[in-house]
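>
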Amino acid sequence: MDSFTAITLAVFLPFVLAGILPMVGKVLKNRIGWYASAVAFLSLMLVAWVAPAVIHGEDIHGSISWLPSVGIDLSFYGDGLSIMFGFIVSGIGLIIMSYSNGYMSTREDLPRYYQQLLFFMGSMLGMVFSANLIQLFIFWELTSITSFLLIGYWRNRPLSVYGATKSLLVTATGGLFMLAGFLVLQSMTGTFDIPAILQNESMIAVIKGHELFILALLLILIGATSKSAQGPFYIWLPNAMEAPTPVSAFLHSATMVKAGIYLVARMHPIFSGTDAWFILVSGVGIITMLAAGFLAFRQTDIKGILAYSTISQLAYLMTMYGYTTHQHPGIGVAAASFHLLNHASFKACLFLVAGIVAHETATRDITKMGGLRKEMPVTFILAVIAALSMAGIPPLSGFLSKEMFYEASLEMGQALGGSFTYMIPALAVLGGVLTFAYSIKLIDGIFLGKRPAHGLPEHIHDPGWVMILPTALLALLIVLFGLVPSIPSHYIVGPTAGSILSETADLHIELWHGFTPSLMMTIVTFVLGILTYTRYESIAAWQNRFNSRHPMISVNYFYDAAVDNAKNITSGFSSRMQPGTVKTYVTALLLLLLVLFIIPVIQISTDVIPAGLNFDIPPYEAILFTFMIIAALGAALLPRYIPAVISLSGLGYLVSLLFIYLSAPDLALTQVLVETLSTIIFLLAIVKIPQRFRERMSTSVLTKDILISSAVALTVFILMINATQGIVSPFESLSHYFIENSLPLAGGHNIVNVIIVDFRGYDTLGEISVLCLAAFGVYNLIHSRGEGE
Amino acid sequence: MSTAGIVLEVLSNVFLVVGLLFVFLGMLGLVRLPDVYNRLHTTTKIGTLGAFGVMLSILMKVGFSPIGVKAITVGMFLLLTAPIAAHMISRAAHRHGVGLCDESVIDEYGKVNTLKKNE
Amino acid sequence: MISMFTLAIIFMVLAIIPCIYRIIMGPTIPDRVIALDAMTTVIVVMLGAYSFDQGSVFYMDVALVLSIIAFVGTVTIAKYLDEGVIL
Amino acid sequence: MNNTLLSLTIAIMFGIGTFLILRRDIVRVIIGLSVLSHAVNLLIVSTGVFYGTKVPIIANDGGHGVTEETGTIFNDVLSENILAPILAPGHSVAYVDPLVQALVLTAIVISLATTAFILILAYRIYEEYGTTDIKELRRLRG
Amino acid sequence: MNSLAQHLPIILIATPILMASLMVLLRSRPQFQKVLNISVYFVLAFLSIVLLLQVWNDGIQVYEVGEWGKYGILLVADLLSAGMVVLTTCISLLSMVYSLDYIEKRSLSSTYYPLFNLMLAGLNGSFLTGDIFNLFVFFEILLLSSCGLVIANEHGGVTKISDKMEATFKYLVLNMLGSIVMLIAVASLYATTGTLNMADISVKLSAMSAAGTMPWHVFAIALMFIVVFGNKAAIFPLHYWLPDVHPTAPSPISAMLSGVLIKVGAYGMLRVFFLIFRDTLYIFQPVIIYLALATIIVGAISAVAQNDVKRLLAYSSVSQIGYVFLGMGLGSIYAITASLVYLVNHAIAKSMLFLSSGAIIHYAGTRDMRKMGGMVDRFPMIALFFLAGAMSIAGLPPTGGFIAKFVLFDAGITDKYYFEIGIALIFAVFSLFYMFRAWLLMFWGEIRDTEKYGDYSAQKASPLILVPIMVLAVAIMVLGLYAEPLIALATATAGQILDPQPYIEAVLTRVVR
Amino acid sequence: MTTTITKTVTRICLPLVILFSISLLLAGHNNPGGGFIGGVMFASVIALTYVVYGLDHIKSFFDPDWGNWFGFGLLLASFTAFAAIPFGHNFFRSAVEFLHLPFFGEIELVSAGLFDIGVYFVVIGSLLFIFKSVGDDR
Amino acid sequence: MKRYIFFAAVFGLIWCFVHGTVSLNNFILGLIFAPLIIHPFMPLYHFERGFSYKKGIKRIPAQIRYLYVLIKEIIKANIMVAKIVLQPKINIKPGIIAVPIRTKTDLGITAIANTITLTPGTLTIDISDDRSVLYVHTIDASDPENVASSIRDDLEKYVLEAFE
Ligand code: NA
Ligand code: NA
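Chains as they are written, first to last, in the numbering used here: chain R, 872 to 1660; chain V, 335 to 453; chain D, 62 to 148; chain E, 33 to 174; chain G, 1401 to 1913; chain L, 1482 to 1619; chain A, 284 to 447.
Set out below in structure tokens:
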């Protein structure tokens, strides 16, 4: 099995095996979770299978023909970045699915749960290994959809539905913009293939100089930030916490939300090294980092705190990937890549802890907890490891990546110079302080202090091994990465950074590296962090006060206002657009017709009125014309139905008389008959419609209608004189053939009738079908009475 | 042309002229006479006779060729149907309360209808 | 040269004027119906004349049909006026 | 067949029909459609491409051969690269254009069918809503 | 004995007409009607695919009705028309199967079968005809058959008959007006060129254009066809009838109307402008682009405003057809391909959505989504299928709708129509919003009306109703996951559309008796 | 109710017009007329009897299912068109035959005539179907 | 059966007339169509009543006489009404009068009613329910008795002879 096959299998096996999961579920019943775990394990093994080659600097790239017409193949690409994500996705997937065996009640719809988890995992793997932009987008949106379904897992709960909707709207919409960005990118490069762009320096140069550069970057970043809950798009993530906790751990902390980060990392070689990149990526990152860290204080739901913390931590990553200068495009790449790995582990671990706590205490409200360390000692230890890692306490992995973040911030500040030299590190430290504070809050709030008198179940204890073991595994990783940083740095972070920077990154991550400025910053962070923590409650109280006083100062407010009022806003538009009366619609049609007629009159015509018009007619025809107009006017203006219909009937007879003069006896015959019949049918209908309604026409309405009518008349007139007199058709007509062949070939003297039944008998077949249709329609009309209610 | 032919020709032209005149007069009556019933007199009688005259004239001119035969068929048909049309319309008009003109001196039909209504 | 029948046709066209007048001006519905019926009679005459003038039997067919069918129409309207129903 | 006054008449009928379909009363709208269909039928007939005046019925000789000179020179033979034969000069036809008549016949029948349907529809609408005012219909709608 | 295969075009049109007459005569044998009709539809669907393969392998197929060459009426099956016919017959088959349990029994056997058959004939006839007046005739068949079907009775229908009638009235008036405009245009075209055969007209106009004697009114005529076909396709500002008509029709008919019928307009536009009025394209395209954008915007915004699920779907059809026309307006081969792919995907997705909403409405007893909720527990399959359809309309992968939007946007951006694609993109977001809003309101959330729920919980959708929905849902996914055949077909079709010479030659170089 | 006078004349007209309609139908190929015109004549005169005698009275002894009429007409028309296919021709290919009968002389038989009869039935059937449906509807 | 043959013969003739060519071929064609047409409408034509050719043939002279009177009266009527129309000032005294009649058969009543309508200044408006009185509008109703008696004596006599 070659590496490409392995990756392909790693991506598609989850889909296939999830597809048959409902069948398997019939056999395994409540143990179906282990089946899902096995699938995740399989994917993990497949990723591990290809990892060595990638670590040794070999890129995997292969494709299967999929949409050759559009130039898109199903192609996969494995480099350091992909492999790291591959490990995170499948590894955490394995952990989560195992954990779920303990967490999910057997009363739940387990097949649906695991099926969607596996679909998600497959999509995520597909996304990170995608070698072309469109394929990436496809898997990207698939993750949005599966996330939507998983958030709404408890689909009858309004809050779940709300959260699911929000996440879908934000992420899928962002995805569409990202797609547009990809298309713009493709219009610059002519290819959707990512490696082809990445490996082509000149192409990247072209992109950077292209006038659409900013547009492409902006569109792609909309996708990335919406997915990673950055900037104003953060709003969906807190509400996504309605999902079952393992889902939150998996999707909304460890993997899916990192898709945006993945995209930024992926696009890093293409867009970085420009001011726009730094301003947009790091700018959004820093703002989000601070805002989300700050907003976490107000949360009382454990998962809420974790959600804001996730947003904030992802913002770290954004910030770091955004650090760039023309000379040194990847200042923060290594730091970011390492922190990414660490965040996946400590945040997933925290979520699992949160899950355990909620599972045991039946609440997620941190204000109702406290002092659980005695009852749940194991959980407590695991939580402390993860939280302290997040807070950046040595010797845990989080400390290392935070140090690297400070280093990169210093470097970036120096590179920028001026006031940035201090501002950027200062902001980084501020972020660290906030992180420190809420990390401590988690431990303190849940496990330390006094057990509240009411609200918690009597017997609280550590859960069974099914839930502890996966959590412990993550905690172990945190400790391991902290103590032996060379393992991640050598096997994961190095290749990742290397693949982004397309140069072998020389990483030396060590626990102790002397009294560097970054260590100073860390110390400052701790000090300030502890100070901040003492003010934690009052800050939270202030936030609550502020929020209730100024509800409008919030992105959520606008989201809710937009979504809730979407219907009202649009229905105003819709009812204005669709007033409902035929008259408006007819007017619209006629106006369009007139406008369309005017276009060629203005643009093309030389003579609107052709020369040599023929006014020569027998006098009786002229009189006949007058009669016709009078009869038509009668039909139009006589106020009551019957006189109008009689007038119309008169018009019909006059028309048939005109047909006589036009040498069309067949037509005259038909017209006479049809006229009489339609008069009878008019009567049939009017019999049942006593006339009560008479339209009052205001002068303005009348003027408008007469104007439109006159314009229509004029249009028809101009068209007719041009079509019938303006040119003499220089071609032979079909009629020549009919006249010539009616008798010899079709055996009929009456050419019109021969056309009707023979030359164009097919038309007549249609025509009699129409007659039948009228009959059916009338039958339906008559028999619809009372039965449709 | 034989004598019979000439006689036929003259007769035919007379019929034509008289027929046309009658048709025209009938239509004139439509404008001039005061009420529905009187107008019906002119259209059914004069119009029909006029039309019949013209058809007869055509028959005389062309003999029993398709045109002639059809012409006389048309004439017969008008004679058959015109009175019915007149009858139906006048009946409807009267029963629907279209009154006689002021010059009218008697309405025995109206009395009957009033009696019926009162019952 | 204008044939006699051409004159006839022009004369008949003039005969339509009163019919149109009544159709439009009424005053009662029966008036209009009579006028419509009368108009068909005039048209029948015109068709006859035209048929002869053109030497073509085809128009006579139209006249024949019109004379029959107009009757149907008039009777229907009359019944409607009288009884308020048709069938 | 092509005459400016005829075109003018037809155009005016179009105008009147248009005015009618802009009314609020359903029955008026239907009358308007009828007027329009008369107008369009006349329009089609007036677009016949010949200048002949004879009724397009070949005189009957009792047999089945062409005895009457139809006046056409039919030479629309498709040869290579000539897909659109240009009419020979001095070419005239004694008949009026039969094709447009056939088209109008079809159009008349179709409009009869449609008119019948829409009239019964109008009656049923009146029955359901108790009015033929289009604006009222809208208001009365559930 | 000549091969039946050469008669395929006419069989696809005339068989439904024959069937309509048989169905009238067999009114008293409902069971026989059912079996006969369904089997014939199966055969027709199969034959239409055979026809498409024929065209694919042997080139454009021309069928001379009555063997009069271009002087009579020709049926022309090129990739476009044959493809449309395949779409039509397949969706018709599914809708018909669905109807068997959905339409009220008496209505079904008395008028529904013949009306439906004639509608199918009208569709196939419109797609296959090579004669512009014949197109008018078949349009009329379509018009009246759809009117008749809109007022057909559903089982325990929730749509008030008065609403149906009001909608039908609007539909009729606007379409009769459209027919009149079409007649004016066709007659003027005949006066100018002396022919009704589309290929012939095309050649003659080209000859005039080449000679520099093309009269200006040809442009006016050409633009009139925008009104004609735009009215059928419901593009702005001719879309007004659609949101009234499509929702009030019985659901299988809504599926046909939104799925296939409005595509006739798009087809007509492609046929007429790219075959006949090639010399006017430079005026047509900007016009149609702006109309398409307006259509997209109006449809999308209005769809958001709806509470009635079928009305929402109808507005969405308006918006979506705008995308089809946008592709047409962009005009490159890739854009036309996109337009066609879009057309097919929308047809399938929208038919599916109407059918599934029908099933839901059938049991919920209301079309108001706010009164529904939590139906996923009762109808898990339909919820899933509806989701697939919603994703397709919203343009999300892995559905066909994504491929369609992607190809369209790609084509637009390749040709540097940034502004147009920008608008299209923004309103694609609207479609995401309204489709998922509908899905959520119907299937998720609290169970709104317990009494109603009790009613429909007792029943399950019958297989005859479920299977067509499922087939279409599978098609949506297949077109998303394996779009290559469709795109290849669409590309070849677009090639034929942009280069009509083979069409013209196939039609005009024939021996005439 | 209408009067005796009208009824009597209607009775006279009825066969006359039906004959005329058949005449128009058969003449159609060579003279003005044809299936549609003939059919409308037929339908009109039946409508006239409906009007004059009242629908119910006529239905008491003459109540054909007009639906079957147009069903048959459409069937006939499409069969005629299809009939060419077994003969190795295209749909709607017409055939002209001249039949020599001892008494009538030469009679021209055209397949299109059969089609026209189909049209005739469709027109009669559909129009009267509409009339009757509406008339039955109280 | 007799009636059938009678009708068939009449129809043969009518066929010739509507066809426009009076010939044996057409007559026979009409003959063939007749039974087909008449059959469904039998109840309208009183097939149950007796029918005899003798009576029919005997009536022919009377019918011719009736036709003669009719034409004479029609011409008189037209001239009279034409005069009225052409008067510079319309001066008439119209009215509706009741005219009792003796005729009992449908055909007779119809004939008399139509005759009245086609003759001078009179117009049948309605027939009473018991079919014994015709209501006639006359353009000169100054002497109703006179009008009624002239109808009875000059017209009805001939109608009775011809159709009863
Ligand atoms: Na009409
Ligand atoms: Na949309």
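All residues carry an ideal CB built from backbone N, CA and C; glycine is no exception.
In the DSSP assignment, find the unbroken beta strand (DSSP E) run with Glu1464 of chain G in it and report its ends.
On the fifth sequence, residue 1464 of chain G is found 64 positions in, with the first residue counted as 1. Note, Glu1464 of chain G: beta strand (DSSP E), Gln1461 to Val1465.
> What does DSSP give as the partner residues of Pro383 of chain A in its beta bridges?
Working through the seventh sequence from its first residue, we reach residue 383 of chain A at position 100. Answer is A:Val416, bridged to Pro383 of chain A.
> So Ile1349 of chain R is in the alpha helix (DSSP H); what residue range does that whole segment cover?
Position 478 of the first sequence, counting from 1, holds the residue named residue 1349 of chain R. Taken as a continuous stretch (DSSP letters only), the alpha helix (DSSP H) holding Ile1349 of chain R covers Trp1336 to Leu1354.
> Need the endpoints of the beta strand (DSSP E) that Glu1578 of chain L sits in, please.
Position 97 of the sixth sequence holds residue 1578 of chain L. Segment Val1577 to Leu1582, the beta strand (DSSP E) holding Glu1578 of chain L.
> Would you identify the three-state DSSP class for Ala1477 of chain G, choosing helix, strand or coil?
Position 77 of the fifth sequence, counted from the first residue, corresponds to residue 1477 of chain G. The answer is strand: DSSP assigns Ala1477 of chain G an E or B state.
> Within 10 angstroms of the Cβ of Ile440 of chain V, are there 16 or more other Cβ atoms? Answer buried if so, exposed if not.
Along the second sequence, one-based indexing puts residue 440 of chain V at 106. Counting Cβ neighbours within 10 Å, Ile440 of chain V comes out buried, since at least 16 surround it.
> Give the DSSP-derived three-state secondary structure of Thr1062 of chain R in the structure shown.
Here residue 1062 of chain R is taken as the residue at index 191 of the first sequence, counted from 1. Three-state DSSP puts Thr1062 of chain R in coil, outside helix and strand.
> Can you find the residues in the same chain that come closer than 6 angstroms, C-beta to C-beta, to Leu382 of chain A, ignoring five residues on each side of it along the sequence?
Along the seventh sequence, read from residue 1 onward, the residue named residue 382 of chain A stands at position 99. The sequence as given places Val at residue 382 of chain A; Leu does not occur at that position. Same-chain partners within the cutoff: Leu417, Val419, Ala431 and Ile434.
> Strictly below 7 angstroms CB to CB, what residues from chain L border His428 of chain V?
Position 94 of the second sequence, counted from the first residue, corresponds to residue 428 of chain V. Within 7 angstroms Cβ-Cβ: nothing; His428 of chain V doesn't reach chain L, min ~13 angstroms.
> If you measure from the beta carbon of His375 of chain V to each beta carbon in chain L, is any gap under 8 angstroms?
By 1-based counting over the second sequence, the position of residue 375 of chain V is 41. So no, His375 of chain V is outside the interface.
> If we cut at 8 angstroms on Cβ distances, does Thr137 of chain D have a partner in chain L?
Translated into positions along the third sequence, residue 137 of chain D becomes position 76. So, interface residue.
> Check the Cβ of Asp122 of chain D against every Cβ in chain R and list those closer than 7 angstroms, keeping chain order.
Locating residue 122 of chain D in the third sequence gives position 61, counting from the first residue. Under the 7 angstroms cutoff, chain R gives Pro1536 and Leu1540.
> Using a Cβ-Cβ cut-off of 8 angstroms (strictly less than) and excluding sequence neighbours within five positions of Thr367 of chain V, which residues of its own chain qualify?
Locating residue 367 of chain V in the second sequence gives position 33, where the first residue counts as 1. Note that residue 367 of chain V is Leu in the sequence shown here, rather than Thr. Counting only Cβ-Cβ distances below 8 angstroms, and skipping sequence neighbours, we find Arg373, His375 and Thr376.
> Which word fits Ala1482 of chain R, buried or exposed, when buried means at least 16 other C-beta atoms lie within 10 angstroms of its C-beta?
For the purposes of this step, residue 1482 of chain R is identified with residue 611 of the first sequence, where counting begins at 1. Ala1482 of chain R is exposed by the Cβ-count criterion.
> Using beta carbons (cut-off 8 angstroms, strictly below), is Asp441 of chain V in contact with chain A?
What you label residue 441 of chain V is simply residue 107 of the second sequence in a count that begins at 1. With 8 angstroms as the cut-off, Asp441 of chain V counts as an interface residue toward chain A.
> Run through DSSP, which three-state label would Asn1597 of chain G get?
Here residue 1597 of chain G is taken as the residue at index 197 of the fifth sequence, counted from 1. In the structure shown, Asn1597 of chain G sits in a strand (DSSP, three-state: E or B).
> Rounded to the nearest angstrom, what separates Thr1232 of chain R and Ile1331 of chain R at their Cα positions?
For this step, residue 1232 of chain R is matched to residue 361 along the first sequence. For this step, residue 1331 of chain R is matched to residue 460 along the first sequence. Using only the alpha carbons, I get a separation of about 7 angstroms.
> Where does Thr99 of chain E land, buried or exposed, given buried means 16+ other C-beta within 10 angstroms?
Against the fourth sequence, residue 99 of chain E aligns to sequence position 67. Since pLDDT at Thr99 of chain E reaches only 35, below the 50 mark, its modelled position is unreliable, and the value read off the structure follows with that caveat. Exposed: under 16 other Cβ atoms inside 10 Å.
> Round the Cβ separation of Leu350 of chain V and Ala69 of chain D to the nearest angstrom and send it over; I've been treating them as touching at under 8 angstroms.
Taking the second sequence and counting its residues from 1, one reaches residue 350 of chain V at position 16. Taking the third sequence and counting its residues from 1, one reaches residue 69 of chain D at position 8. The pair is a contact, with the Cβ atoms about 7 angstroms apart (cut-off 8 angstroms).
> Using a Cβ-Cβ cut-off of 8 angstroms, state whether Thr284 of chain V counts as contacting chain D.
Because chain V is modelled from 335 through 453, residue 284 of chain V falls outside the range shown and cannot be assessed.
> How far does the beta strand (DSSP E) with His932 of chain R in it reach, from first residue to last?
For the purposes of this step, residue 932 of chain R is identified with residue 61 of the first sequence, where counting begins at 1. Ile931 to Leu938 is the span of the beta strand (DSSP E), which, as asked, contains His932 of chain R.
> Establish whether the CB of Met422 of chain V and some CB of chain L are separated by less than 8 angstroms.
As a position in the second sequence, residue 422 of chain V is number 88, starting the count at 1. Yes, because at least one Cβ of chain L sits closer than 8 angstroms to the Cβ of Met422 of chain V.
> Please list, in chain order, the residues of the segment 1494-1505 of chain L that have any C-beta partner in chain A closer than 7 angstroms.
Listed by position, the residues of the segment 1494-1505 of chain L near chain A (Cβ gap below 7 angstroms) are Leu1495, Pro1496, Leu1497, Ile1499, Leu1500, Phe1501, Ile1503 and Ser1504.
> Would you mind sorting Ile347 of chain A into buried or exposed? The rule is 16 or more other CB atoms within 10 Å of its CB.
For this step, residue 347 of chain A is matched to residue 64 along the seventh sequence. Exposed, by the Cβ-count rule.
> I'd like to know whether the C-beta of Met107 of chain D is nearer than 8 angstroms to at least one C-beta of chain R.
Taking the first residue of the third sequence as 1, we reach residue 107 of chain D at position 46. Met107 of chain D counts as touching chain R.
> Per DSSP, which one or two residues make a beta bridge with Tyr127 of chain E?
Against the fourth sequence, residue 127 of chain E aligns to sequence position 95. According to DSSP, Tyr127 of chain E bridges with E:Lys86.
> Exposed or buried, Phe1386 of chain R, counting other C-beta atoms within 10 Å across all chains shown (16 or more means buried)?
Against the first sequence, residue 1386 of chain R aligns to sequence position 515. Flag for Phe1386 of chain R reads exposed.
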